[in-house]
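Just so we're aligned: the sequence shown equals residues -23 to -1, 1 to 493 in mature numbering (1 follows the signal peptide of the UniProt record, and there is no 0).
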Amino acid sequence: MAAGMVATMALLTCLAAGGLVVGAEEDGGGGGLGRLGSPDYGDALAKAILFFEGQRSGRLPANQRATWRGDSALTDGREENVNLTGGYYDAGDNVKFGYPMAFTVTLLGWSAVEYGAAVAAAGELGNLRAAIRWGADFLLRAHASPTTLYTQVGDGNADHQCWERPEDMDTPRTLYKITADSPGSEAAAEASAALAAAYVALKDDGDTAFSSRLLAASRSLFDFANNYRGSFQSSCPFYCSYSGFQDELLWASAWLFKATRDAKYLDFLTNNQGSSNPVNEFSWDSKYAGAQMLAAQEYLGGRTQLARYKDNLDSFVCALMPNSGNVQIRTTPGGLLFTRDSVNLQYTTTATLVLSIYSRVLKSSGSSGVRCSAATFSPNQISSFATSQVDYILGKNPLGMSYMVGFSTKFPRRIHHRGSSIPSIKVLSRKVTCKEGFSSWFPTSDPNPNIHVGAIVGGPDGNDQFSDNRGDSSHSEPATYINAAFVGACAAAMGQKQVVKLEEPVDNLESMVSTY
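Structure representation (structure tokens):
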């Protein structure tokens, strides 16, 4: 059967994920702008969480909602007699990278901790907790001994030479790990942070045995990272760290203190704050801003010994806020924070999450805001700017386009994603080979047959332009850590009024945020 005909059949099939019925090029999405001009944040939140079901690896549960997916990678870990099934494929390929997966889980846990009430009000707390648990389960299995953490499953080079659905995958499932002899403190500490965040998010679920495992493994991983120090850069094939491991150690200790209130983790934060640097981004590699945010919460709660973290976090805010006099990250003409022309939305969403949480913490502590060299920003101004970033992603931008698949009526149709771009195994049941995928499905200009609802792509270029080209992975590929940060940022925006009415006048608000 010709590729185009199969794609048409698949498109006309109700794919269930998100309940979309596909029609014309710009039809099919739900949500969009409400009558007051703000996006439907509840719909966006639900779809952002649904995305993770399309990224699942392993045996899928009976309540799987992304029904175009099937079971995959059921023998992962077998070559070393360890069960490494489950977890998430990080982006549009079929490799499981433990370091960014752990960051994803940490961000999801943070979103649940900070905005659980808003997520629950939207009816999505159960789905968010399921997404956290799916990733945390894998991390628990990957921590096979006190000094062993499996950090990757799959040969990334071989995988990137193939265009296959996960269900057809036949590339080597090579295992990579860190040990006492070949350490990777960044990866171990991030996994520690992830499991501590998962513990805080899930501890009231009623599964005390699982919660105990999360906390015990988090402590163990922190000890592994701290006692066997060495950079992941020397022991990784992909997602190598270039910022060093001190940021992850601070990040993990902050999460463990939040989870346990054990003074030794507070002491670690206090004694190592000299290594906490002012930064202008928060990412899978650089965690300083996240650690500073958690420590600043403690500082504003009375632990004044952590003052340096708050000072550095204020610098982070000033680096991002337009008209601050200290801007280091520019905004596009349409108002989007623009860090770099490669998967930029990963940096936008993580920065937006930190700004959202900080504005909330500042407001609850009675703080007047953040003083930069040319302006002082109130908590409401910071949260308004953060909301403008969420709005941009959801369609309030020069192209009038949502960068979340399946949201509104105009969204990316040709995302760089293997499983989405080849018809579901439930529609085309025969195997699609590595070469066939590249010759028949990758190059076509047809829309992807499977609408990967909720996937947020890398985003537009620095001039607010987007080509919707499957071959342009820097702009059209989704990733779990983009969505994970967006979940919290979107929940924060949902807590704002449809039309933001600040408690005090803001003279420069119009120039600070996009008017699209």
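All C-beta atoms in this analysis are idealised placements derived from N, C-alpha and C, irrespective of residue type, glycine included.
Inter-residue Cα distance where the pair is residue i and residue j
| i | j | result |
| --- | --- | --- |
| residue 147 | residue 396 | 14 Å |
| residue 221 | residue 386 | 42 Å |
| residue 449 | residue 393 | 7 Å |
| residue 12 | residue 364 | Here residue 12 scores only 43 on pLDDT, less than 50, and its place in the model is too uncertain to base an answer on. |
| residue 231 | residue 196 | 12 Å |
| residue 325 | residue 315 | 7 Å |
| residue 263 | residue 252 | 13 Å |
| residue 154 | residue 54 | 11 Å |
| residue 156 | residue 95 | 40 Å |
| residue 307 | residue 297 | 7 Å |
| residue 423 | residue 444 | 14 Å |
| residue 239 | residue 33 | 34 Å |
| residue 132 | residue 62 | 15 Å |
| residue 49 | residue 74 | 16 Å |
| residue 23 | residue 459 | 15 Å |
| residue 413 | residue 138 | 12 Å |
| residue 438 | residue 181 | 42 Å |
| residue 18 | residue 123 | 42 Å |
| residue 45 | residue 170 | 32 Å |
| residue 243 | residue 405 | 55 Å |
| residue 193 | residue 166 | 14 Å |
| residue 407 | residue 142 | 11 Å |
| residue 247 | residue 319 | 35 Å |
| residue 117 | residue 190 | 8 Å |
| residue 5 | residue 283 | In this prediction, residue 5 has a pLDDT of 47, which is less than 50 and means its spatial position is unreliable; nothing more can be read from the coordinates. |
| residue 184 | residue 440 | 49 Å |
| residue 376 | residue 9 | 14 Å |
| residue 287 | residue 257 | 14 Å |
| residue 80 | residue 461 | 9 Å |
| residue 321 | residue 271 | 24 Å |
Three-state secondary structure (DSSP) of residue i
| i | result |
| --- | --- |
| residue 154 | strand |
| residue 109 | helix |
| residue 490 | Because residue 490 sits at a pLDDT of 39, beneath the cut-off of 50, its placement in the model cannot be relied upon, and the following sentence gives the value as read from the coordinates. Of the three classes helix, strand and coil, the one that applies to residue 490 here is coil, per DSSP. |
| residue 259 | coil |
| residue 73 | strand |
| residue 375 | coil |
| residue 286 | helix |
| residue 35 | strand |
| residue 302 | coil |
| residue 348 | strand |
| residue 354 | strand |
| residue 504 | This structure cannot speak to residue 504, because the chain is shown only from -23 to 493. |
| residue -23 | Interpretation of residue -23 is limited by its pLDDT of 40, a score under 50 that renders its predicted location unreliable; the figure taken from the coordinates is listed afterwards. It is coil, neither helix nor strand. |
| residue 49 | strand |
| residue 130 | strand |
| residue 78 | helix |
| residue 392 | coil |
| residue -15 | Unreliable positioning characterises residue -15 in this predicted model, as indicated by a pLDDT of 37, which lies under 50. The coordinate reading is nonetheless provided below. Note: residue -15 maps to helix in three-state DSSP. |
| residue 419 | coil |
| residue 140 | coil |
| residue 55 | helix |
| residue 92 | helix |
| residue 24 | helix |
According to DSSP, residues forming a beta bridge with residue i
| i | result |
| --- | --- |
| residue 307 | 315 |
| residue 433 | 381 |
| residue 125 | 122 and 156 |
| residue 65 | 33 |
Whole-number beta carbon distance between residue j and residue i, since they are thought to touch under 8 Å
| i | j | result |
| --- | --- | --- |
| residue 425 | residue 398 | 5 Å |
| residue 21 | residue 388 | Wrong, their Cβ atoms sit about 11 Å apart, outside the cutoff. |
| residue 347 | residue 294 | 5 Å |
| residue 465 | residue 76 | Contact flag wrong, Cβ pair sits at about 20 Å. |
| residue 215 | residue 129 | 7 Å |
| residue 209 | residue 267 | In fact, because the Cβ distance is near 17 Å, the residues do not count as touching under 8 Å. |
| residue 115 | residue 64 | 3 Å |
| residue 78 | residue 457 | 7 Å |
| residue 229 | residue 302 | Actually they do not touch by this definition, with Cβ atoms about 34 Å apart. |
| residue 113 | residue 72 | Actually they are not in contact, since the Cβ atoms of residue 113 and residue 72 sit about 19 Å apart, beyond 8 Å. |
| residue 431 | residue 28 | 3 Å |
Extent of the continuous alpha helix (DSSP H) run through residue i
| i | result |
| --- | --- |
| residue 335 | 321 to 341 |
| residue 247 | 240 to 248 |
| residue 274 | 265 to 277 |
| residue 185 | 185 to 204 |
| residue 452 | 450 to 453 |
| residue 235 | 223 to 237 |
| residue 404 | First-last for residue 404: undefined, no H or E at that position. |
| residue 463 | 457 to 471 |
| residue 43 | Counting along the chain, residue 43 falls outside any alpha helix (DSSP H), and DSSP gives it neither H nor E. |
| residue 168 | 162 to 179 |
Min CB distance residue i to chain C below 7 Å
| i | result |
| --- | --- |
| residue 250 | The chain labelled as chain C is not found in the depicted structure, where only one protein chain is given. |
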